[in-house]
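Numbering (this note's numbering), first residue to last: 33 to 244.
These notes concern the structure reproduced below.
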């Protein structure tokens with residue numbers, strides 16, 4: 033038969049003591065000893081309950097902090113979705129305030145405006161002035177006979193920006209040339225044309241090189 037310990041704390045801390053021994057710890061003890069032991073057991077039980085009550089909410093709080101709730105994850109997802117929807121799908125449109133062909137650019141200004149060029153001259157420049165597109169990229173696209181012969185990208189450095197591209201022409205590439213300003217989304221902001229012709233034919237057609 034199991035022999036109960038005389039110390040009630042041993043009974044509480046020993047997992048091998050059967051419940052009967054704990055519930056009846058005073059077998060073999062005198063009445064004064066029984067009363068004293070009951071007080072010790074009650075105090076030990078209260079301390080154990082208090083300690084358990086303090087640790088339980090602490091671990092529960094730690095678990096809450098370490099594991100975000102599903103609701104928090106849903107709020108984060110909704111916020112990210114809203115931010116993604118707020119971003120523009122295409123580049124913000126600015127405007128081209130000036131676009132023209134010129135023989136050359138001096139001090140960031142075109143020296144003239146050319147609409148007809150004779151083939152004794154083989155160099156021409158496309159000058160543009162852009163507003164409201166800081167931080168974006170534009171492209172100067174040159175076309176002849178329906179084919180793109182040159183695309184030159186320019187990074188717009190401020191809200192008021194000037195950009196130009198020069199091209200060397202073959203004297204046999206006669207006809208209409210087109211240059212356009214294209215934004216990052218592929219939209220055309222400006223289109224200009226000039227005619228490249230033989231010098232011998234220029235007598236009947238005035239060559240436009242108006243100074244600016």
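Idealized CB from N, CA, C, for every residue including glycine.
- The residue among 142, 152, 150, 168 with its C-alpha nearest the C-alpha of residue 160 is 142.
- Rounded to the nearest whole angstrom, the CA to CA distance from residue 208 to residue 188 is 28 Å.
- For residue 171, the uninterrupted beta strand (DSSP E) segment begins and ends at 169-176.
- A direct Cα-to-Cα measurement between residue 131 and residue 147 gives close to 12 Å.
- If you ignore the 5 residues before and after residue 129, its C-beta comes within less than 8 Å of the C-beta of 161, 162, 163, all in its own chain and listed in chain order.
- Shown here, residue 231 sits in a helix according to DSSP, grouped into three states.
- It is roughly 37 Å from the alpha-carbon of residue 218 to the alpha-carbon of residue 233.
- Put simply, the backbone Cα of residue 182 is about 7 Å away from that of residue 175.
- Residue environment: residue 213 is assigned as buried (16 or more neighbouring CB atoms within 10 Å of its CB, all protein chains considered).
- Residue 215: not part of any beta strand (DSSP E); DSSP gives it neither H nor E.
- Here residue 227 has 148, 208 as same chain residues with Cβ atoms under 6 Å from its own Cβ, once five neighbours each way along the sequence are excluded.
- At a Cβ-Cβ threshold of 8 Å, residue 155 and residue 211 do not count as neighbours.
- In this structure residue 230 is in contact with residue 206, their Cβ atoms being roughly 6 Å apart against a cut-off of 8 Å.
- Only exposed fits residue 190, as fewer than 16 other CB atoms lie within 10 angstroms of its CB.
- The Cβ-Cβ distance between residue 186 and residue 169 falls below 8 Å.
- Approximately 24 Å separates the beta-carbon atoms of residue 135 and residue 221; this is outside 8 Å, ruling out the contact.
- For residue 131, the enclosing beta strand (DSSP E) covers residues 127-134.
- For residue 195, the enclosing beta strand (DSSP E) has its first and last residue at 192-200.
- DSSP, reduced to helix, strand and coil, places residue 166 outside both helices and strands of the structure shown, so it counts as coil.
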